[in-house]
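Trainee:
Number of protein chains: 2
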Amino acid sequence: MKHNKVPKATLQRYPIYLKALRKLHHMGVERIMSRELGNFVDIESTTIRRDFSFIGSLGKQGYGYDVASLIDVFNGQLGVNFDEKLILVGAGNLGRALMNYNRWNHVVGEIVCAFDTDNDKIGSLSEVPVYHLRDFNQYLPEGCRIAILTVSGNAQETVDLLIESGIVGIVNFTHEHIQAPKGVIIRTVDVVSTIQELIFQVNNF
Amino acid sequence: MKHNKVPKATLQRYPIYLKALRKLHHMGVERIMSRELGNFVDIESTTIRRDFSFIGSLGKQGYGYDVASLIDVFNGQLGVNFDEKLILVGAGNLGRALMNYNRWNHVVGEIVCAFDTDNDKIGSLSEVPVYHLRDFNQYLPEGCRIAILTVSGNAQETVDLLIESGIVGIVNFTHEHIQAPKGVIIRTVDVVSTIQELIFQVNNF
DNA sequence: TCACCCTTGTACATCATATCACAAATGTTT
DNA sequence: AAACATTTGTGATATGATGTACAAGGGTGA
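Chains as they are written, first to last, in our numbering: chain A, 1 to 205; chain B, 1 to 205.
#1: Please decide whether Tyr101 (chain B) counts as near chain A, where near means a Cβ-Cβ distance under 8 Å.
#2: In three-state terms, what does DSSP make of Thr150 (chain B)?
#3: Under 8 Å, with one C-beta from each stretch per pair, do the stretch 136-148 of chain B and the stretch 172-183 of chain A reach the 3-pair mark?
#4: Touch check for the stretch 88-95 of chain B and the stretch 112-126 of chain B: three-plus C-beta pairs under 8 Å?
#5: Using a C-beta cutoff of 8 Å, does Lys2 (chain B) count as contacting chain A?
#6: Residues of the stretch 77-95 of chain B with a CB closer than 8 Å to any CB of chain A: list them in chain order, please.
#7: Looking at chain B, is there any beta carbon in it that lies within less than 8 Å of the beta carbon of Ala208 (chain A)?
#8: Please confirm whether Ser25 (chain A) and Ala68 (chain A) have their CB atoms less than 8 Å apart.
#9: May I ask whether a heavy atom of the ligand NAD can be found less than 7 Å away from the beta carbon of Phe115 (chain A)?
#10: Is DSSP giving Thr158 (chain A) helix, strand or coil here?
#11: Helix, strand or coil for Gly293 (chain A)? Go by DSSP, reduced to three states.
#12: Alpha carbon to alpha carbon, how far is Val159 (chain B) from Lys2 (chain A)? Give it in angstroms, no decimals.
#13: Is it buried or exposed for Asp190 (chain B), if we count other Cβ within 10 angstroms and need 16 for buried?
#14: Starting from Arg50 (chain A), find everything on chain B with Cβ-Cβ shorter than 8 Å and list it in chain order.
#15: For Lys23 (chain B), which three-state DSSP category applies?
#16: Which residues bound the alpha helix (DSSP H) around Arg187 (chain B)?
#17: Taking the alpha-carbon positions, what's the Gln156 (chain B) to Ile163 (chain A) distance?
#18: Going by DSSP in three states, Asn119 (chain B) sits in which element: helix, strand or coil?
#19: How would you write the range of the alpha helix (DSSP H) that Leu94 (chain A) sits in, first residue to last?
#20: Indicate whether at least one CB of chain A lies closer than 8 Å to the CB of His26 (chain B).
#21: If you compare alpha carbons, which of B:Thr174, B:Gln138 and B:Gln12 is closest to Glu197 (chain A)?
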């Protein structure tokens, strides 16, 4: 893979392509053209071709793309690992909903274990064991890089701990803005902000 | 407000500003400079000033911005309505988690009612009444514009119904890609895709 | 096998967004 | 009251993303 310099905007579209391709594969589609895929996901075919070109020459002229091998390339080259070990930090309402929500098995890996500071939450809710956050380093799975953060307070403090222990990517469901040094990537998912943005846009017509 | 032509990128940042400003206000901060706010939310001060300028001249030179009145302007001019009526479509695991998750009261409004097709779900879980989707038009609150979609199948079909009934903004928690005519705004929140994007980025170093 | 058709991959042009640099305007100090 | 230190708001510019156009090359059918 031509490392360095895949535009951010492109990186955000890769998951969309991958999702669509998996679906098409499931539907029995064996080959697809950028135009068709474009209709399917509402993205210009030319944008798709360019996005793909950052990974390499994946298609055949006059033919299109082979769905199965495209999925393989995405998985392999982009480093999607079905065994990617995820951890959950914060076992409240939302955390439990995510634990029960095993639809992502065989797509990005799974939540191996969870942590919380509330003793009532320690133990095994669903099939995922929940440990006390103070034992974080003890139970942090080997090779785990990505954490899902759903704590309700002390977010920054918790983040610092995670990073110190080698976590390099965090999905932040917290309402707080958190900071991290370069090299650590934070992606915030905030329902409230999403709804606000929607309202702003709706009112902007 | 200088209508039309607020860049999309700016619109995505307004909720961030608003959240930060509320927090600062809560902390007792009365005035703030673009530089400080920038440090707080990790956005260049110059970007912030330009973003604000689309709404008007909100600051004073050599002084900064008044936090309280800035919040008012955002609420007022951008049309955030604390009484914004939201509906939830799909009362499964995630849907219920959202219903119980009342942290957004007094920030964007609240979920007034929910809909589902599963008879077992009809009734009152938490404090939010759940109706059958077939009675959608009957129970859709007056003036409701925004729906949160957490159904597990027939997403597109459901979306079409919502739009037909006047919904103009949808927060999509579904795994499916959905389409909508111009004027209707869809914002997809997909944990799996978010994790994937994170993995792509982490591997891209 | 050959000729035609189709679709990719990319150079170039356009559009959108972020950053720089600074004049204008306000608060603060002497 | 005047001079100074700040910070805003905004033209001008640089960067980044998207869209257009087309040459290159593989697939298809006779």
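Glycine included, C-beta positions come from ideal geometry on N, C-alpha and C.
Mentor: Once the coordinates are examined:
#1: Chain A, which has a Cβ nearer than 8 Å to the Cβ of Tyr101 (chain B), makes this yes.
#2: Look at Thr150 (chain B) here: in three-state DSSP terms it is coil, with no helix or strand label.
#3: The answer is no - the stretch 172-183 of chain A does not touch the stretch 136-148 of chain B, with fewer than three Cβ pairs under 8 Å.
#4: Short answer: they touch.
#5: Reliability of the predicted coordinates at Lys2 (chain B) is poor, the pLDDT of 44 falling under 50, and no value is obtained from them.
#6: Look at the stretch 77-95 of chain B: the residues with a C-beta under 8 Å from a C-beta of chain A are Leu78, Gly79, Val80, Asn81, Glu84, Leu86, Asn93 and Leu94.
#7: What is shown of chain A runs 1 to 205, which leaves residue 208 (chain A) out entirely.
#8: With the sequence shown as reference, residue 25 (chain A) is identified as His, and Ser is not the correct amino acid for it. Taking a C-beta distance under 8 Å as the contact criterion, His25 (chain A) and Ala68 (chain A) qualify as a contact pair.
#9: In the structure on display, the ligand NAD does not appear, and there are no ligands present to speak of.
#10: Taken through DSSP and simplified to helix, strand or coil, Thr158 (chain A) comes out as helix.
#11: Shown here, chain A extends from 1 to 205; a query on residue 293 (chain A) therefore has no answer.
#12: The predicted model places Lys2 (chain A) with a pLDDT of 43, which falls under 50 and marks its position as unreliable; any figure quoted below should be read in that light. Cα to Cα, Lys2 (chain A) sits roughly 39 Å from Val159 (chain B).
#13: Of the other Cβ atoms in all chains shown, 16 or more fall within 10 Å of the Cβ of Asp190 (chain B); this residue is therefore buried.
#14: Within 8 Å Cβ-Cβ: nothing; Arg50 (chain A) doesn't reach chain B, min ~16 Å.
#15: The three-state secondary structure of Lys23 (chain B), taken from DSSP, is helix.
#16: In this chain, Arg187 (chain B) is not harboured by any alpha helix (DSSP H); it is covered by the beta strand (DSSP E) spanning Ile185 to Thr188.
#17: So the two alpha carbons sit approximately 40 Å from each other.
#18: Correct three-state label for Asn119 (chain B): helix.
#19: Note, Leu94 (chain A): alpha helix (DSSP H), Asn93 to Met99.
#20: His26 (chain B) is outside the set of residues whose beta carbon lies under 8 Å from a beta carbon in chain A.
#21: Taking only the C-alpha atoms, the option nearest Glu197 (chain A) is B:Gln12.
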